[in-house]
Amino acid sequence: MTSTKAIGQTYSGTTCNVCRGGGKVWETRDVPGYGLADFVIPCPACGGSSLGQIRRERANIKSAFYHAFLHEFDWGVYLDDKQQPIDLSEMQTFVQTFVDNWSAWRDEGKGFYVWSRMRGSGKTFLTSCLCNEVMERERITAKFVSASELVTIAKSADKTAVDEYQRDPISIFQRCALLAIDDLGQAQGDWLQDILFRIFDARMNDRLPTLVTSNVPISELPFDDRITDRLQKMRFTIKLPDCCVRSKEAFAEKKAFLQKLGVM
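As numbered in the working numbering, residues 1178 to 1441 make up the sequence shown, in order.
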């Protein structure tokens, strides 16, 4: 005899009526020689995917990339000047190790600095895929934040609050298991430099992996050596080709829509 019931909190907006968004359920089994016993299992209805989406939402992953994983990242879309595919197989294999050998990357506190001068080249998409993969596989806490948001977040601090993260909202970026900072180098200012130093210094000392995207190499960032030196120590560089993947995807989506309507 077996029966299941949801665990803990009900999350609003979930589509799963079995786990109510929790991703896991209690299963009561009749164990021979023992009797009834409760076991925690992934939700048989959604396979735990409801919990995965909640985790991605809390990480602040952009909604368009909630379900983005590495197998969806098309490395073959990058073409050279002669419109021939660029061989990125070694880069693809290297990036894959981040999720396949997460414990090694975590123990060393290493991450990626993903850059390309071309907007829409897939930097944010690739970084979102990495975050989603690691969160799904390892059940860790991750945070995704645009560099331009950091000053606003820091200024929201309430020094009188009881909750630590309300008193110092930047501390969550210092401590989370995996951090992704998007579009580094677009925003400037002393406030941002101080915030970045706090984040990078804490994460370097605690060996916490960090992912960063940018439109420029580290050497061209508008920050002082406190920032760039730590970035160099904490990250491997991934240089994506200067190709606008976003425009190609937009064209493909429009074409598919028109074909669906029978226009093409």
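Ideal Cβ positions, reconstructed from N, Cα and C, are used throughout, including at glycine.
Looking at the backbone, the Cα of Val1339 and that of Asp1345 are separated by about 11 angstroms. Contact between Leu1356 and Thr1329 is ruled out by a C-beta separation of about 17 angstroms, above the 8 angstroms threshold.
Rounded to the nearest whole angstrom, the C-alpha separation of Ser1240 and Ser1305 is 10 angstroms. A direct Cα-to-Cα measurement between Asp1402 and Pro1418 gives close to 27 angstroms. Taking the C-beta atoms as reference points, Glu1310 is found nearer than 8 angstroms to Phe1246. DSSP places Tyr1243 in the coil class of the three-state scheme, outside both helix and strand.
Annotation: the continuous beta strand (DSSP E) that includes Val1291 extends over 1288-1292. DSSP places Thr1337 in the coil class of the three-state scheme, outside both helix and strand. Of all alpha-carbon atoms in Lys1416, Lys1410, Asp1378, Thr1390, the one lying nearest the alpha-carbon of Phe1321 is that of Thr1390.
For the 8 angstroms CB-CB criterion, Asp1359 and Ala1324 form a contact.
Assignment of beta strand (DSSP E) within the segment 1360-1395, counting only whole runs of 3 or more residues, yields 1387-1391 in chain order. For a cut-off of 8 angstroms, the C-beta gap from Gly1362 to Leu1303 is around 17 angstroms, too long to register as a contact. Within the same chain, Cβ atoms closer than 8 angstroms to the Cβ of Gln1370 are found at Phe1400, Asp1401, Arg1403, Ile1404, the five residues on either side in sequence being excluded. Going by beta carbons, Cys1421 and Met1312 fall outside the 8 angstroms limit. Boundaries of the beta strand (DSSP E) around Ile1415: 1412-1416. The Cβ atoms of Val1272 and Ile1415 sit closer than 8 angstroms to each other. Secondary structure of Ile1238 (DSSP, three-state): coil.
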